[in-house]
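A.B. asks: In our numbering, the protein residues as written are 258 to 372. We put the beta carbon where it would ideally sit given N, CA and C, even for glycine. Quick one: the structure is below, questions incoming.
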Amino acid sequence: MLLHIHKSKIHRATITQANLNYVGSITIDEDLMEAANLIEGEKVQIVNNNNGERLETYVIKGERGSGTVCLNGAAARKAEEGDIVIIISYCMMTPEEAKNFKPVTVFPNEYNKLT
């Protein structure tokens, strides 16, 4: 049996842009991606603290050091610039693996920079 386990999280990132005229996804600063152990194309869940919206999409690599957290395509309707979101990734593992697994949590500042 495999379980869906919380793998990593970017906790309380600020939406810098919502781009409706783009082919879906979330663009994330490469520094944040690395720190949170996310890779381009990985499925993530986005939880919007401002309006309660929850959605799933995939990650696109943003410019390193830019602080970019941009919802693209239809997802852009689920957030506004300045909204605070939690970006969560999951993985599948056996119960034995899960017992010793430690997820990564990243806490960016209000400019989506690591401190």
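Whose C-alpha, out of 321, 353, 365, 290, is nearest the C-alpha of residue 299?
C.D. replies: The shortest Cα separation from residue 299 among 321, 353, 365, 290 belongs to 290.
A.B. asks: Which residue wins for smallest C-alpha separation from residue 327, given the options 266, 284, 271, 280?
C.D. replies: Among 266, 284, 271, 280, the Cα nearest to that of residue 327 belongs to 284.
A.B. asks: In chain order, which continuous runs of the beta strand (DSSP E) of length 3 or greater are located wholly inside the segment 264-333?
C.D. replies: Complete beta strand (DSSP E) runs here, min 3: 274-276, 282-286, 300-305, 311-319, 326-329.
A.B. asks: Would you decide whether residue 324 is buried or exposed? Buried here means 16 or more other CB atoms lie within 10 Å of its CB.
C.D. replies: Under this definition residue 324 is a buried residue.
A.B. asks: What residues in its chain sit with their C-beta under 8 Å from that of residue 311, if we drop five residues either side in the sequence?
C.D. replies: The answer, listed in chain order, is 302, 303, 304, 305.
A.B. asks: How long is the line joining the alpha carbons of residue 272 and residue 297, rounded to whole angstroms?
C.D. replies: The alpha-carbon atoms of residue 272 and residue 297 are separated by roughly 18 Å.
A.B. asks: Whole angstroms are fine: how far does the CA of residue 361 sit from the CA of residue 375?
C.D. replies: For the chain, the structure presents residues 258 to 372; residue 375 sits outside this window and is missing.
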